[in-house]
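Scroll down for the structure; my scribbles are underneath it.
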Amino acid sequence: MEGQGVKASAFQFRHVLNQWVIDALDLPFIEGDADHPYAMDTVRMARTLEAVEAVLRMAGRAWEVRLHSQGAPEEFSAFARPGVTLFLDTDPMKSLADLIDADVAILSRGSFSYAAGILTEGIVIADPYYPPQDGWLVCDESGAFDASALLDRLR
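Position one of the sequence shown corresponds to residue 6 (our numbering), numbered consecutively onward.
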């Protein structure tokens with residue numbers, strides 16, 4: 006595939022251009038408990054992904070989505086569509102490598118996500134649960150973020 010290269014880390018991992026990763030790995034799936042500090046609001050995350058995909062279409066970019074989490078596939082029905090691959094209960098080092106190597110990482114409210122966001126050189130879209138780093142795009146409670154800033158970074 007054009008544009009592929011090998012990136013060294015703790016182990017060899019093939020970096021694929023146009024890889025957009027969502028992380029929900031370190032969240033317990035707490036359906037319907039929006040007040041829980043680690044509650045994963047799949048609707049909000051799905052809205053964020055849809056907004057990212059809209060920007061990618063505007064930029065004329067191809068992409069794939071790799072969603073990392075724990076749980077059963079039916080818990081992620083909001084993401085069930087072509088182009089989204091679930092990596093559930095995967096080796097944490099593989100998930101961390103995917104997040105770090107992603108061109109765009111959409112992070113959840115967990116410390117695992119936060120650590121990956123700090124280590125990646127890609128674009129980070131994060132929930133403000135932990136203090137966002139300089140340059141991160143922050144999504145609000147509805148999943149919205151500054152789409153024009155993402156489009157600028159993709160150019």
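Note that CB positions come from ideal geometry on N, CA and C, so glycine has one too.
Burial check for glycine 88: the Cβ neighbour count within 10 Å stays below 16, so the residue is exposed. Between valine 60 and arginine 160, the alpha-carbon positions lie close to 11 angstroms from each other. Secondary structure of alanine 67 (DSSP, three-state): coil.
As a beta-bridge residue in DSSP terms, leucine 142 pairs with Ile130. In this chain, leucine 124 is not harboured by any beta strand (DSSP E); it is covered by the alpha helix (DSSP H) spanning 116-124.
Assignment of alanine 110 by DSSP, reduced to helix, strand and coil, places it in the strand class. About 12 angstroms separates the beta carbons of valine 129 and valine 57, which is beyond the 8 angstroms limit, so they are not a contact pair. Closest in C-alpha terms to arginine 158, from the list Arg49, Arg52, Met50, Met63, comes Met63.
About 6 angstroms separates the Cβ atoms of phenylalanine 84 and leucine 72, confirming a contact at the 8 angstroms cut-off. Shortest Cα-Cα distance from arginine 86 to any of Ala154, Ser118, Ala51 involves Ala51. When rounded, the separation of the alpha-carbon atoms in tryptophan 141 and serine 147 is 17 angstroms. The three-state reading of DSSP puts threonine 95 in coil, since its state is none of H, G, I, E or B. Distance check between aspartate 46 and each of Leu104, Ser153, Gly65, Asp145 places Asp145 closest, using alpha-carbon atoms only. Aspartate 132 has its alpha-carbon roughly 6 angstroms from the corresponding atom of valine 143.
According to DSSP, valine 89 shares a beta bridge with Val70.
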